[in-house]
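What follows is a short report on a single structure.
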Amino acid sequence: MCGIVGAIADRDVVPVLIDGLKRLEYRGYDSAGIAVIDGDDVRRVRRTGRVAEMENAAAQENFHARLGIGHTRWATHGGVTETNAHPHISFGELAVVHNGIIENHEQQRDRLRAEGYVFESQTDTEVIAHLIHFHQKRGLDLLAAMQTAVRELEGAYAIAVVSKREPGHLVAARMGCPLLVGLGDGENFVASDVSAIVQATRRVIFLDEGDTADVTRESVRIFDASGTPIEREVHVSDVSLASLELGPYRHFMQKEIHEQPRAVADTIEALMDDGKFTAELFGKDAGEVLRDVEGVQILACGTSYYAGLTARYWIEAISGLPCTVEIASEYRYRDVYANPKNLIVTISQSGETLDTMEALKYAKSRGHEKTLSICNVPESAIPRASKLVYYTRAGAEIGVASTKAFTTQLVALFTLTCTLAKLQGRLDGAQELAYIEALRQLPGSVQHALNLEPQIVAWSERFAPKQHALFLGRGVHYPIALEGALKLKEISYIHAEAYPAGELKHGPLALVDEAMPVVVIAPNDALLEKVKSNIQEVRARGGEMFVFTDADSRFGESEQVHVIRTPRHVGVLSPIVHAIPVQLLAYHAALARGTDVDKPRNLAKSVTVE
Ligand code: F6R
Numbered sequence: 001m002c003g004i005v006g007a008i009a010d011r012d013v014v015p016v017l018i019d020g021l022k023r024l025e026y027r028g029y030d031s032a033g034i035a036v037i038d039g040d041d042v043r044r045v046r047r048t049g050r051v052a053e054m055e056n057a058a059a060q061e062n063f064h065a066r067l068g069i070g071h072t073r074w075a076t077h078g079g080v081t082e083t084n085a086h087p088h089i090s091f092g093e094l095a096v097v098h099n100g101i102i103e104n105h106e107q108q109r110d111r112l113r114a115e116g117y118v119f120e121s122q123t124d125t126e127v128i129a130h131l132i133h134f135h136q137k138r139g140l141d142l143l144a145a146m147q148t149a150v151r152e153l154e155g156a157y158a159i160a161v162v163s164k165r166e167p168g169h170l171v172a173a174r175m176g177c178p179l180l181v182g183l184g185d186g187e188n189f190v191a192s193d194v195s196a197i198v199q200a201t202r203r204v205i206f207l208d209e210g211d212t213a214d215v216t217r218e219s220v221r222i223f224d225a226s227g228t229p230i231e232r233e234v235h236v237s238d239v240s241l242a243s244l245e246l247g248p249y250r251h252f253m254q255k256e257i258h259e260q261p262r263a264v265a266d267t268i269e270a271l272m273d274d275g276k277f278t279a280e281l282f283g284k285d286a287g288e289v290l291r292d293v294e295g296v297q298i299l300a301c302g303t304s305y306y307a308g309l310t311a312r313y314w315i316e317a318i319s320g321l322p323c324t325v326e327i328a329s330e331y332r333y334r335d336v337y338a339n340p341k342n343l344i345v346t347i348s349q350s351g352e353t354l355d356t357m358e359a360l361k362y363a364k365s366r367g368h369e370k371t372l373s374i375c376n377v378p379e380s381a382i383p384r385a386s387k388l389v390y391y392t393r394a395g396a397e398i399g400v401a402s403t404k405a406f407t408t409q410l411v412a413l414f415t416l417t418c419t420l421a422k423l424q425g426r427l428d429g430a431q432e433l434a435y436i437e438a439l440r441q442l443p444g445s446v447q448h449a450l451n452l453e454p455q456i457v458a459w460s461e462r463f464a465p466k467q468h469a470l471f472l473g474r475g476v477h478y479p480i481a482l483e484g485a486l487k488l489k490e491i492s493y494i495h496a497e498a499y500p501a502g503e504l505k506h507g508p509l510a511l512v513d514e515a516m517p518v519v520v521i522a523p524n525d526a527l528l529e530k531v532k533s534n535i536q537e538v539r540a541r542g543g544e545m546f547v548f549t550d551a552d553s554r555f556g557e558s559e560q561v562h563v564i565r566t567p568r569h570v571g572v573l574s575p576i577v578h579a580i581p582v583q584l585l586a587y588h589a590a591l592a593r594g595t596d597v598d599k600p601r602n603l604a605k606s607v608t609v610e
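Take the sequence shown: its letter number 92 is residue 92 in our numbering, and every next letter is one higher.
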C-alpha cells in the first residue's frame, strides 16, 4: 500500500527519493509524488501511474534539493487523481506525506474550513497539512506544531513533514503504521520500509507507537507519545540488495517461486543446527509460554490464513491440541470465546496487516497473553506486539502474490506443531528424528517440484483462455487447493473456487461441464482413494481434470484426466511441496494472459488499512 521516503542531506536528495519510491513500488500504488524545499519554495511534482512518469516530470522541471519527501499512494479517501496524490501542501509553506487513515478527518475539515482553510483534494491527508500549518501559524515551531496536530488526530498514520520556514528539519510521526529513521553520515532519512533507503544506509531506528521525530542532517531526536525525549535502539538491517533486484528473472513472482528451496532451508537453519525441536526456537522465554498451552487459535488473512488452515491438520493430529483458525478481520469484530491458556498465533508475511494486528490487540484485550507471531519482516508491528516470534527467512517478498512466504510459514508452523507435541509428551525420540530428517530433505523435494515447470507451462496454455476454474483437495491438501485458487484469480483474473473434493456433490458439481477445468491436488495419502472416487463424479459430467499427485499414487491418465507427478512422496510435508505446482500454474496462466503479474490490479502488498 502507500509508501513514504524522506531525506535531508548535503547533496541532491531527489535521486534518493525517486530511488526509494521505486523500491516501494512493490507494495502497490496508483500515484506518486515528491515535494522538496528549494530555497524559498516548496516545489512539488505528482503523477498518477508509475513512479517513472513522475521521475520524468521531475527531471523536466529540474528538481534538485537537499530536503524532500516522497510518497506512493494507494487510493482510499478520494479517487486516483493527481490532486489527491501526495504530498499535500498547506498555504505553499509545508508539505506532508501520510500512510494510514484519519478517522476524524471530517470534523477536522469543518474546523479548519471555519479557520479559512480551503481544501483542494478529497483526502484525509490534506487535513493533516492544514492542521500543522494552523498550529505553526499560532507560533509553534514545526516539531511542536506537528506534535500538537497529531494529538488531535484519530486513526492510523505515519507522516513525514517539511516546511520552508524550517529548511533544516524533517519531522515525522507514527501511530498504527510503520515508520523508521535511517541514520547516514551527515545525512538522515525517514521511510515506511527499510527497502526504500537501504542503498543509503542500513542503520535504522524503528519508531514506536505514538513516537515523533525531529531529523536534521546531523541529529535525530525522538520523543515518545507523551512528548518526552527517548532513546530508541539502532538496528542494522540485513535486507539484501539482491532480494530487491529482479536478476535474470522476468518477474519477482517467478524469482520468488524459484527461491523457495533456499528460503525453506534458511527458515529451518537453526532447527537443523540444533537437530531437535526446542521451545527456544520461538524466543528466549518460550518454554514458559508454550509449556501449559491448552489450545491454539490462529489468526491471519489471505494466503497466511491458508497456511494456518493447513497447520490445523498438523497441530490437532500431531500435538493433540485443539486448534481453530480464523480470518483476522472476522475475529476482531466477534464476541469471542477466550481461554487465556490458548496460544494465539498470528501469521503475517509483512507483519503490518492491519486486520491481523487489530485481531491480535483484540485477543490481548480478552486476556490472551500467550501470543506468537510467525512473520517474515523483522521488527515489523505484529512481532513487536507479540510475546514470541518465529521469523521465516524467505527474504524480501516483492511480488504481490505471496509464494515463498507461504511455504516458509508452513515450515514454521510444522516446527511449532512438533515443538508443542514434544512439550505435550506426544513426540517420541524416533518420531522427532524422522520429522527432522523429513524437514532436512524438504528443500530438495521443493526443487524437484520446481523442475516440473515445463509440464506446467504446457497446462497453463490450456488455462489461459478459460473464464473459470475449480480446485479440489482433501484433508491437509484442501488449503492448498484454496491457495491455488487464490493465486490463479489474483494474478490471472480467472475466476477460481476451491472445495474439499467430498463437498462437490453438495453443490459445486452443478458448475462442471467441458468448459470448466478442474485442478485436483491428490497426493498419495489416506484420502487418495476418496479423491479418486470424487473425481469420477467430475469425469462423468465431461469435466477436464488436471491432477497434481506424487510418484506413488498410481493415478491413471486419459484424454480427460491429465496428470503431473511430483517425483517423491514426502509424507506429512506433502502440502508444502504441492504448493509449488499451483503457484507455477497461476504464474504461467497469468503470463499467457499478459497480466501485470507482480502488481495485479486493485491489490496491494501490505494491507495497512481496513
Ligand atoms: C495473496 C496475498 C494476500 C496476503 C494477505 C495477508 O497472495 O499475498 O492474501 O497473504 O494480504 O498478508 P500478510 O501475510 O502480510 O499479513
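Ideal Cβ placement from N, Cα and C applies to all residues, glycine included.
All values derive from a computational prediction rather than experimental measurement.
- Distance from the C-beta of glycine 210 to the nearest heavy atom of the ligand F6R is not below 6 Å.
- Comparing alpha carbon positions, the residue from Thr353, Gly275, Gln583 and Gly571 closest to alanine 385 is Thr353.
- Remark: fewer than three beta-carbon pairs, one from each stretch, lie closer than 8 Å, so the stretch 363-380 and the stretch 447-454 are not flagged as touching.
- Exclusion of the five residues before and after glycine 287 leaves Ala279 as the residues of its chain whose Cβ lies within less than 6 Å of its Cβ.
- Between the alpha carbons of glutamine 441 and alanine 579 lies a gap of roughly 16 Å.
- Annotation: the continuous beta strand (DSSP E) that includes valine 518 extends over 517-521.
- Scanning the stretch 338-397 for uninterrupted alpha helix (DSSP H) segments of 4 residues or longer gives 354-365 and 381-384, listed from N- to C-terminal end.
- As for any alpha helix (DSSP H) of minimum length 4 sitting wholly inside the stretch 64-125, the runs are 105-114, ordered along the chain.
- Annotated as proximal: leucine 470 and valine 518, with beta-carbon spacing under 7 Å.
- Taking every protein chain shown into account, the CB of isoleucine 37 has 16 or more other CB atoms within 10 angstroms, so this residue is buried.
- Contact between the stretch 466-481 and the stretch 517-532 is present: three or more C-beta pairs spanning the two stretches fall below 8 Å.
- Within the model, the alpha-carbon separation for valine 45 versus valine 597 is close to 28 Å.
- Here the alpha carbon of isoleucine 222 sits roughly 53 Å from the alpha carbon of alanine 464.
- In the displayed model, leucine 416 falls within a helix according to three-state DSSP.
- The Cβ atoms of valine 42 and alanine 75 do not sit closer than 7 Å to each other.
- Selection Arg474, Leu170 and Ala191 evaluated against glutamate 529 yields Arg474 as nearest (Cα-Cα).
- For asparagine 188, no alpha helix (DSSP H) encloses it; the enclosing beta strand (DSSP E) starts and ends at 188-191.
- Check the Cα spacing between glutamate 152 and each of Arg165, Ala129 and His169: the tightest is with Ala129.
- Within the same chain, and ignoring the five residues on either side of alanine 421 in sequence, the residues whose Cβ sits closer than 6 Å to its Cβ are Ile318, Ser319 and Leu427.
- With fewer than three CB-CB distances shorter than 8 Å, the stretch 50-70 does not count as touching the stretch 109-126.
- Shortest gap from the CB of cysteine 375 to any heavy atom of the ligand F6R: 6 Å or more.
- Counting along the chain, the unbroken beta strand (DSSP E) around glycine 473 starts and ends at 468-473.
- Here serine 319 carries a helix assignment [DSSP, helix/strand/coil].
- About 15 Å separates the CB atoms of threonine 403 and arginine 393; that is not less than 8 Å, and the two are not in contact.
- Distance from the C-beta of glycine 176 to the nearest heavy atom of the ligand F6R is not below 6 Å.
- A contact is defined here as three or more CB-CB pairs under 8 Å, and the stretch 587-596 fails this definition with respect to the stretch 564-575.
- Asparagine 99 sits buried, since 16 or more C-beta atoms from the chains shown fall within 10 Å of its C-beta.
- Take arginine 232, set aside five residues on each side of it, and the residues of its chain with a beta-carbon closer than 6 Å to its own are Ile205 and Ile222, in chain order.
- The beta carbon of valine 607 is closer than 6 Å to those of Thr353 in its chain, skipping five residues each way along the sequence.
- In the same chain as threonine 566, and ignoring 5 residues on each side of it, the C-beta atoms closer than 6 Å to its own belong to Ala449, Asp550 and Val577, in chain order.
- Take the alpha-carbon of serine 219 and the one of proline 15: they are about 22 Å apart.
- Scanning its chain for C-beta atoms nearer than 6 Å, with the 5 sequence neighbours on each side dropped, one finds around alanine 481 the residues Phe471, Leu472, Gly473, Ala498 and Ile521, in chain order.
- Between threonine 417 and isoleucine 315 the beta-carbon gap is near 5 Å, inside 8 Å, which marks them as a contact.
- Counting C-beta pairs with one atom in each stretch, the stretch 157-177 and the stretch 198-214 have three or more that are closer than 8 Å, which means they touch.
- DSSP places alanine 434 inside the alpha helix (DSSP H), whose first and last residues are 429-450.
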